[in-house]
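**Q**
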Amino acid sequence: MAVTNLIILGGGLAGGLCALALKHRRPDLSVTLVDRGETLGGNHVWSFFDSDIAPEDRHLVNPFVVQRWVCNAVRFPAMKRTFDAAYNSMTSERFDRELKARLDPDQIVTGNVIHATPTTVRMEGGVQLEAAAVLDARGLTEPPKGLKCGWQKFVGQMLEVEGGHGLTVPIIMDAAVDQSDGYRFVYCLPFDEKRIFVEDTYYEKNFALVERKLARRIADYATQQGWEHHRVTHDEKGVLPVVMSGDFDTFWPPRDTLARAGTRGGFFHPLTSYSVPEAVRLAAWLAETMPIPGEKLGKLTRARAARIWKRTAFDRGLARMLFDAADPPDRYKIMEHFYRLPAGLIERFYAGKSTLIDRARILIGKPPASIPRAIRALRGIA
Numbered sequence: 120m121a122v123t124n125l126i127i128l129g130g131g132l133a134g135g136l137c138a139l140a141l142k143h144r145r146p147d148l149s150v151t152l153v154d155r156g157e158t159l160g161g162n163h164v165w166s167f168f169d170s171d172i173a174p175e176d177r178h179l180v181n182p183f184v185v186q187r188w189v190c191n192a193v194r195f196p197a198m199k200r201t202f203d204a205a206y207n208s209m210t211s212e213r214f215d216r217e218l219k220a221r222l223d224p225d226q227i228v229t230g231n232v233i234h235a236t237p238t239t240v241r242m243e244g245g246v247q248l249e250a251a252a253v254l255d256a257r258g259l260t261e262p263p264k265g266l267k268c269g270w271q272k273f274v275g276q277m278l279e280v281e282g283g284h285g286l287t288v289p290i291i292m293d294a295a296v297d298q299s300d301g302y303r304f305v306y307c308l309p310f311d312e313k314r315i316f317v318e319d320t321y322y323e324k325n326f327a328l329v330e331r332k333l334a335r336r337i338a339d340y341a342t343q344q345g346w347e348h349h350r351v352t353h354d355e356k357g358v359l360p361v362v363m364s365g366d367f368d369t370f371w372p373p374r375d376t377l378a379r380a381g382t383r384g385g386f387f388h389p390l391t392s393y394s395v396p397e398a399v400r401l402a403a404w405l406a407e408t409m410p411i412p413g414e415k416l417g418k419l420t421r422a423r424a425a426r427i428w429k430r431t432a433f434d435r436g437l438a439r440m441l442f443d444a445a446d447p448p449d450r451y452k453i454m455e456h457f458y459r460l461p462a463g464l465i466e467r468f469y470a471g472k473s474t475l476i477d478r479a480r481i482l483i484g485k486p487p488a489s490i491p492r493a494i495r496a497l498r499g500i501a
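Count along the sequence shown from 1, add 119, and you get the number used in the numbering used here.
1) Please state whether DSSP places residue 400 in a helix, a strand or coil.
2) Specify, as a first and last residue, the run of the beta strand (DSSP E) that residue 195 falls within.
3) Identify, in the order they occur along the chain, each residue of the same chain with its Cβ nearer than 6 Å to the Cβ of residue 201, setting aside the five sequence neighbours on each side.
4) Give me the DSSP bridge partner(s) of residue 126.
5) In terms of DSSP beta bridges, what is residue 278 paired with?
6) To which residues of the same chain is residue 500 closer than 6 Å at the C-beta, ignoring the five residues directly before and after it?
7) Over what stretch of residues does the beta strand (DSSP E) that includes residue 166 continue unbroken?
8) Specify the secondary structure class of residue 199 as computed by DSSP and reduced to three states.
9) Using a Cβ-Cβ cutoff of less than 8 Å, which residues in the same chain neighbour residue 477 once the five nearest sequence positions on both sides are dropped?
10) Residue 413 and residue 252 - do their beta-carbons sit closer together than 8 Å?
11) Considering only the beta carbon of each residue, do residue 207 and residue 255 sit closer than 8 Å?
12) Which of the three DSSP states, helix, strand or coil, is assigned to residue 342?
13) Report buried or exposed for residue 123, applying the criterion of at least 16 other Cβ atoms within 10 angstroms of its Cβ.
14) So, at 6 Å on beta carbons, what are the nonlocal neighbours of residue 155 in its own chain, with the 5 sequence-adjacent residues on each side left out?
15) Apply the 10 Å Cβ neighbour rule to residue 475 and answer buried if 16 or more other Cβ atoms are within range, or exposed otherwise.
Next comes the structure, spelled out in structure tokens:
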């Protein structure tokens with residue numbers, strides 16, 4: 120009987136990219152992708168900068184890119200800026216269609232996972248799957264253990280604007296909006312002359328998402344932009360962790376040898392919650408590494424996550440600053456200061472590749488917050 124080399128749990132971005140990378144580089148391996156829904160990728164718009172992804176790995180995301188813009192813009196109360204950095208967006212609809220077109224139909228299994236080990240998966244209904252290795256990419260369904268988090272909460276809507284919206288450049292952060300509840304911005308992606316994706320995002324310390332409040336804000340924003348005559352053709356919502364501190368061994372105990380990918384393994388930026396760059400890197404690495412036994416894969420993926428945890432300590436300090444160094448209405452000033460910095464520094468920050476010089480430049484100058492509070496935040500003192 121043929122042995123399944125790898126079972127991937129979760130057909131979202133991380134799991135799907137891993138399956139695609141293995142199909143491309145190691146078509147001789149037997150890989151099964153398990154997801155609870157009929158549609159892979161869930162309900163999302165994912166975005167990334169060209170500089171987030173190594174040229175040799177770009178083929179992994181190209182099939183899913185719906186739109187690419189040659190520049191992007193930000194807006195704050197005291198400044199506006201356009202960056203000559205290409206920006207890309209993928210949709211879950213494209214992801215589902217193109218991933219299914221590239222995988223064999225018998226590679227995809229639909230159902231709920233009840234329990235998983237490094238080599239077995241028990242499905243709802245009693246079916247048990249076995250493989251040389253299992254990779255858990257099911258995402259975070261609750262606040263992660265061992266981590267102190269704030270939360271990036273959002274509602275997004277695709278608007279079809281009567282007469283067109285007039286926007287040609289994506290606004291990745293429009294913070295020239297009401298800031299009374301804490302750091303908030305609106306995200307605008309013009310997919311064509313009439314369709315524009317508008318997302319209202321804000322950072323808070325509590326986990327609860329008030330969906331109706333954000334939907335109302337989107338409607339108000341659309342009216343302010345002159346887009347009052349529109350219809351909503353798609354919507355999504357989410358709550359993403361913004362990691363301020365924590366204990367990695369509690370988040371992923373050394374004795375837990377079930378391999379992880381995606382946000383479930385901590386493969387995301389602690390401040391921006393961006394997950395595309397790390398998802399691509401892990402998928403490319405996995406395709407070069409497989410086949411290996413399940414427990415070894417667990418140890419290797421945990422070691423990668425631990426290195427990311429160590430590398431992003433500074434970014435967690437910035438997350439603490441965002442929440443603790445300024446009162447809610449003034450938190451936007453921290454990001455406004457950041458977006459005045461050199462474009463290359465900003466690109467490296469999003470890609471998770473900040474240098475020591477970058478970090479020094481972020482902190483140099485008059486801080487846009489209370490100096491004592493900023494120092495306490497960077498030191499990890501709440």
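Note that beta-carbon positions come from the ideal geometry of N, C-alpha and C, so glycine has one too. Just so we're clear, the structure is a prediction, and the values are computed from it rather than from any experiment.
**A** Short version:
1) helix
2) 191-195
3) 190 and 192
4) 151 and 253
5) 315 and 351
6) With a pLDDT of only 43 at residue 500, under 50, the local geometry of the prediction cannot be trusted, and no value is derived from it.
7) 164-168
8) strand
9) 464, 467 and 468
10) yes
11) no
12) helix
13) buried
14) 231
15) exposed
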